[in-house]
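Visitor: Numbering (numbering that gives the first Met the number 0), first residue to last: 0 to 320.
Built from N, CA and C at the ideal position, the CB exists for glycine as well.
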Amino acid sequence: MSVSVRSFAKINIGLAIGAKRADGFHALRTVYQTVAIHDVIHVDVVAGEGIEIRCKDARVPTDATNTCYRVAERVMRTLRRLEKVIIEIEKNLPVQGGIGGGSSNAVTTLFALERALGVTLDPHEKLRIAAEVGSDLPLFLLGGLVLGHGRGEEIYPLPDLPPLPIVIVTPAVPVSTPQAFRDWDALAEAELTQGRPSDTINTFSRGVFAWLSGIAPTGVPTSGGDRAETLLLDLVRAGIVNDFERVVFPQNPELRDVKCVLEREGAVYASLSGSGSTLYGLFSSAQEAEKAATKLNTQGVPAVATVTLPRAAYREQMFIR
Ligand code: C5P
Numbered sequence: 000m001s002v003s004v005r006s007f008a009k010i011n012i013g014l015a016i017g018a019k020r021a022d023g024f025h026a027l028r029t030v031y032q033t034v035a036i037h038d039v040i041h042v043d044v045v046a047g048e049g050i051e052i053r054c055k056d057a058r059v060p061t062d063a064t065n066t067c068y069r070v071a072e073r074v075m076r077t078l079r080r081l082e083k084v085i086i087e088i089e090k091n092l093p094v095q096g097g098i099g100g101g102s103s104n105a106v107t108t109l110f111a112l113e114r115a116l117g118v119t120l121d122p123h124e125k126l127r128i129a130a131e132v133g134s135d136l137p138l139f140l141l142g143g144l145v146l147g148h149g150r151g152e153e154i155y156p157l158p159d160l161p162p163l164p165i166v167i168v169t170p171a172v173p174v175s176t177p178q179a180f181r182d183w184d185a186l187a188e189a190e191l192t193q194g195r196p197s198d199t200i201n202t203f204s205r206g207v208f209a210w211l212s213g214i215a216p217t218g219v220p221t222s223g224g225d226r227a228e229t230l231l232l233d234l235v236r237a238g239i240v241n242d243f244e245r246v247v248f249p250q251n252p253e254l255r256d257v258k259c260v261l262e263r264e265g266a267v268y269a270s271l272s273g274s275g276s277t278l279y280g281l282f283s284s285a286q287e288a289e290k291a292a293t294k295l296n297t298q299g300v301p302a303v304a305t306v307t308l309p310r311a312a313y314r315e316q317m318f319i320r
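1) Can you check the segment 124 to 199 for any beta strand (DSSP E) of at least 3 residues that lies completely inside it and give the ranges in chain order?
2) What's the C-alpha gap between leucine 211 and isoleucine 10?
3) Tell me whether the beta-carbon of isoleucine 239 lies closer than 8 Å to the beta-carbon of glycine 206.
4) What would DSSP say about glutamine 95, mapped onto helix, strand or coil?
5) Can you check DSSP and say which residues form a bridge with cysteine 54?
6) Please report how far the alpha carbon of proline 196 lies from the alpha carbon of aspartate 184, in whole angstroms.
7) Alpha carbons only, please: which of Val118, Glu87, Gly96, Asn65 is nearest the one belonging to glutamine 178?
8) Whose C-alpha, out of Leu254, Phe180, Pro162, is nearest the C-alpha of alanine 171?
9) Could you spell out the range, first to last residue, of the alpha helix (DSSP H) harbouring phenylalanine 110?
10) Beta carbon of aspartate 135: closer than 7 Å to some heavy atom of the ligand C5P?
11) Could you please give me the residues that DSSP links to glutamine 32 through a beta bridge?
12) What are the start and end residues of the alpha helix (DSSP H) that includes valine 59?
13) Look up arginine 320 in the DSSP assignment and say whether it is helix, strand or coil.
14) Could you check how far apart the C-beta atoms of glycine 280 and leucine 261 are, in whole angstroms? I think they sit under 8 Å.
15) Quick one, which of Asn251, Val247, Gly273, Phe282 has its alpha-carbon nearest arginine 263's?
16) If I measure Cβ to Cβ from phenylalanine 110 and keep anything under 7 Å in the same chain, skipping five residues before and after, which residues do I get?
17) Spatial neighbours of alanine 302 within its chain, please: CB distance less than 6 Å, with the 5 preceding and 5 following residues excluded, ordered by chain position.
18) Pull up the DSSP beta-bridge partners for glycine 280, would you.
19) When you compare only the Cα positions, how much space is there between alanine 189 and asparagine 241?
20) Are the segment 52 to 65 and the segment 84 to 94 touching, with three or more C-beta to C-beta distances below 8 Å?
21) Given the structure, does phenylalanine 180 come close to the ligand C5P, in the sense that its CB is under 7 Å from one of the ligand's heavy atoms?
22) Quick check: does the Cβ of phenylalanine 24 come within less than 7 Å of any heavy atom belonging to the ligand C5P?
23) Taking the C-alpha atoms as reference points, what is the distance between threonine 199 and isoleucine 12?
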């Protein structure tokens, strides 16, 4: 049976980095938001053994390092199944840090494989497999607006914001996530020496708490417009920033310039996503978002206008067949 799924991207609304842990990962807090741009993943289960990855984009690995491969391998092992799994990745999303493409592809492979095999894995097993493969995978088990804790893999659904116009920008600038974490460590160490210890995790947590406290008991209204924008502004004005900007921007000034363009073009909020180099801007209207994307494209910077994707839409739109 062949199953096809949409594999949506994500952005980070704020990302606070804490201390390096004994396992080498950093404590962090972030708010993830899924967005409507996507890849398509086709999963087939046939007679035989092993996992085959097919992708026309040469930048996507087709060996055992591929995140889809790693998830499929774990699913088959967990279920003690011995068929052959064929995973075809139709890459539309930029192969770019910060947008979660590889992580999303892997989680949608898991959902597609469940359907192809006619089984439902225990939610704990799904979370275990996703977290084993990467910190940014589990958020895609939920979709919508998600709080990330731990090393990013502990996830909690937040009340969704209604869909908002967004511009996703993918400058051709490589950023290494492990290196960005090391650079953050050096910065935090220097500030500690100067008697200014960084405490962004607390600021972030207080901000999210203040935002959640301000939401009516009935939750977030489902209609968009001004109310959605106000809610978003409440969130981003509550001390929600991406710490990676402080190390990634000085090394790549062109990324800071993109953020300035988004702000000049009217973004309600603009930021680096994850450790980059993806950036995004949230806008009040689709027209403004389109205009900003066109402006960046004419400057030779790849940008696309889309919308944020709330949880219900994420689930409804995932399966194609
Ligand atoms: O979990 P993931 O594979 O996405 O992590 C990639 C790398 O990023 C890790 O090997 C680690 O160097 C760094 N990382 C970290 N702290 C986190 C998440 C990732 O130091 N919370």
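Guide: By the coordinates alone:
1) Within the segment 124 to 199, the complete beta strand (DSSP E) segments at least 3 residues long are 144 to 148, 153 to 156, 164 to 168, listed from N- to C-terminus.
2) Those two C-alpha atoms are separated by around 20 Å.
3) Their beta carbons are under 8 Å apart, which means isoleucine 239 touches glycine 206 by this criterion.
4) Residue state, collapsed to three classes: coil.
5) Paired residue(s): Ile88.
6) Rounded to the nearest angstrom, the two C-alpha atoms are 12 Å apart.
7) Looking at the Cα atoms, Gly96 is the closest of the given residues.
8) Taking the Cα of alanine 171 as reference, the smallest distance to any Cα among Leu254, Phe180, Pro162 is reached at Leu254.
9) Note, phenylalanine 110: alpha helix (DSSP H), 100 to 116.
10) Yes; taking the cut-off as 7 Å, the Cβ of aspartate 135 has a heavy atom of the ligand C5P nearer than that.
11) When beta bridges are read from the DSSP output, glutamine 32 appears opposite Ile10, Leu144.
12) Taken as a continuous stretch (DSSP letters only), valine 59 belongs to no alpha helix (DSSP H), as it is neither H nor E.
13) Note: arginine 320 maps to coil in three-state DSSP.
14) Right, the Cβ-Cβ distance comes to about 3 Å (below 8 Å), so this counts as a contact.
15) Ranked by how close their Cα comes to the Cα of arginine 263, the residues Asn251, Val247, Gly273, Phe282 have Phe282 in first place.
16) Annotation for phenylalanine 110: Val4, Met317 place their beta carbon closer than 7 Å to its own, counting only its chain and skipping 5 residues before and after.
17) The answer, listed in chain order, is Val166, Val168, Ala292, Leu295, Asn296.
18) Answer by DSSP bridge pairing, in chain order: Val166, Ala269.
19) If I take the Cα positions, the gap works out to 19 Å.
20) Short answer: they touch.
21) Proximity of the beta carbon of phenylalanine 180 to the ligand C5P is indicated: a heavy atom of the ligand is located closer than 7 Å.
22) Taking 7 Å as the cut-off, the C-beta of phenylalanine 24 counts as close to a heavy atom of the ligand C5P.
23) Approximately 14 Å between the Cα atoms of the pair.
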